[in-house]
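**Student:** Be aware that the sequence shown starts at 1, since it is given in the UniProt record's numbering, and climbs by one per residue. Quick reminder that beta carbons are idealized off the backbone N, C-alpha and C, glycines included.
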Amino acid sequence: MADMTYLKIPIGGLRSTYPRERKKVQDSQRSGAEDDIYVPRMWYYDRLHFLAGQTEPRSSLSSLPSTLPSPPAEASEAQPGPSRQQHVEEPSLSQGSRSQEVAGPSRLPDMQVPPLHLQRESGRKRSTLEEAAIGLFWKATEALGAPHTVEEDFAGIIGCKMQRMEEGQQL
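1) Are the Cβ atoms of Leu51 and Tyr6 separated by less than 8 Å?
2) Which of the three DSSP states, helix, strand or coil, is assigned to Gly32?
3) Using the Cβ count rule (16 or more neighbours within 10 Å means buried), how would you classify Val25?
4) Apply the 10 Å Cβ neighbour rule to Leu48 and answer buried if 16 or more other Cβ atoms are within range, or exposed otherwise.
5) Use the C-beta contact count for Gln29: other C-beta atoms within 10 angstroms, 16 or more gives buried, fewer gives exposed.
6) With a CB to CB cut of under 6 Å and the five nearest residues on each side skipped, what residues in its chain are close to Leu136?
7) When you compare only the Cα positions, how much space is there between Asp153 and Glu34?
8) Take Tyr44 and list the residues in its own chain whose beta-carbon comes closer than 7 Å to its own, dropping the five residues that flank it on each side.
9) By the three-class DSSP mapping on this structure, what secondary structure does Ala52 have?
10) With 16 as the cutoff for other CB atoms within 10 Å, does Met42 come out buried or exposed?
11) My output table needs one value for Val102: the three-state DSSP class, helix, strand or coil.
12) Can you check whether the CB of Ala133 is closer than 8 Å to the CB of Leu14?
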């Protein structure tokens with residue numbers, strides 16, 4: 001059984017990796033070249049959008065005013081043609097509803113979830129830490145979606161045992 005210290009390490013890794021991937025996506029969208037839009041390497045990127053509002057950028061040491069370009073959502077409306085932004089767009093939630101989103105189950109549509117087995121663009125194998133994070137993520141997803149009554153738990157156990165039976169033994 002996992003304890004808090006076991007869970008904090010991989011979750012901390014996910015929380016630190018997501019902003020870097022998000023920044024790469026936003027930077028590639030700002031560049032304006034649709035062919036060069038960065039595709040996140042994390043297969044679970046779309047499921048971590050709730051982290052977007054929880055991290056504050058570091059304050060700038062410069063005394064110059066910030067001259068950031070307009071957000072990609074506004075820029076994409078003026079550009080004709082298909083856009084890949086639908087896969088990386090953040091849900092626009094107020095701070096109050098965002099805290100409810102974090103506390104409750106994910107309300108993102110299922111169509112945003114990428115397929116289970118994505119092929120890596122670079123062709124390299126995943127590291128042990130990446131594999132552990134993926135395994136932890138799936139265990140957490142299963143635990144959050146698991147039934148909550150004792151009766152449903154017993155029904156699930158019996159169903160699993162029946163699936164393992166040979167055809168002649170099943171009812």
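**Tutor:** On the basis of the coordinates in this document:
1) Contact flag unset, no.
2) In the structure shown, Gly32 sits in coil (DSSP, three-state: anything other than H, G, I, E or B).
3) Under the 10 Å beta carbon count, Val25 is surrounded by 16 or more other beta carbons and is classified as buried.
4) So Leu48 counts as buried.
5) By the 10 Å Cβ count, Gln29 comes out buried.
6) Contacts found: Pro10.
7) Cα to Cα, the separation comes out at about 48 Å.
8) Taken in chain order, the residues that qualify are Phe137.
9) Ala52: coil per DSSP, three-state reduction.
10) Buried: at least 16 other Cβ atoms inside 10 Å.
11) For Val102, the predicted structure reports a pLDDT of 44, less than 50, and the residue's modelled location is therefore unreliable. A value from the coordinates is still provided. Three-state DSSP puts Val102 in a helix.
12) In this structure, Ala133 lies closer than 8 Å to Leu14 by Cβ.
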